[in-house]
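Student: Going by our numbering, the sequence shown opens with residue 262, and the numbers climb by one from there.
Glycine is no exception: its CB is placed at the ideal position from the N, C-alpha and C atoms.
All values reported here derive from a predicted model rather than from experimental measurement.
Can you keep this structure in mind? I'll have questions shortly.
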Amino acid sequence: MAVGRGKSESVEGGLITQLRRRCSEACEELLLGILDVSWYLITLAYITYLASPSLLGDLRNFLATTRSLR
């Protein structure tokens with residue numbers, strides 16, 4: 262009986278290890294995706310600022326308005 266239980270525990274441990282690995286990979290992909298989007302948004306905001314400083318002021322006013330509505 263002890264041999265069967267040990268095998269079951271090793272299978273369970275293997276599943277936990279596999280689950281941890283998959284979660285780690287998913288978190289890594291999520292963080293890389295967030296960094297890609299953040300870099301894109303920062304670049305877009307900088308280009309917009311260089312193109313039209315008044316547009317950035319409009320964006321600030323819009324954000325201030327939406328925050329005050331909450």
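1) Buried or exposed: where does Thr278 fall if 16 or more other Cβ atoms within 10 Å of its Cβ makes it buried?
2) Quick check: what's the CA-CA separation for Ala263 versus Gly294?
3) Compute the Euclidean distance between the alpha carbons of Glu273 and Arg281, then round it to the nearest angstrom.
4) Exposed or buried, Asn322, counting other C-beta atoms within 10 Å across all chains shown (16 or more means buried)?
Tutor: In short, the structure shows the following:
1) Taking the first residue of the sequence shown as position 1, residue 278 is located at position 17. Burial call: exposed.
2) Numbered from its first residue, the sequence shown carries residue 263 at position 2. Numbered from its first residue, the sequence shown carries residue 294 at position 33. Only weak support exists for where Ala263 lies, its pLDDT of 48 falling under 50; the coordinates are left without a value.
3) By one-based count along the sequence shown, residue 273 stands at place 12. By one-based count along the sequence shown, residue 281 stands at place 20. When only Cα atoms are considered, Glu273 and Arg281 end up about 12 Å apart.
4) Residue mapping note: residue 322 aligns to position 61 of the sequence shown, counting from 1. When all chains shown are included, Asn322 counts as exposed.
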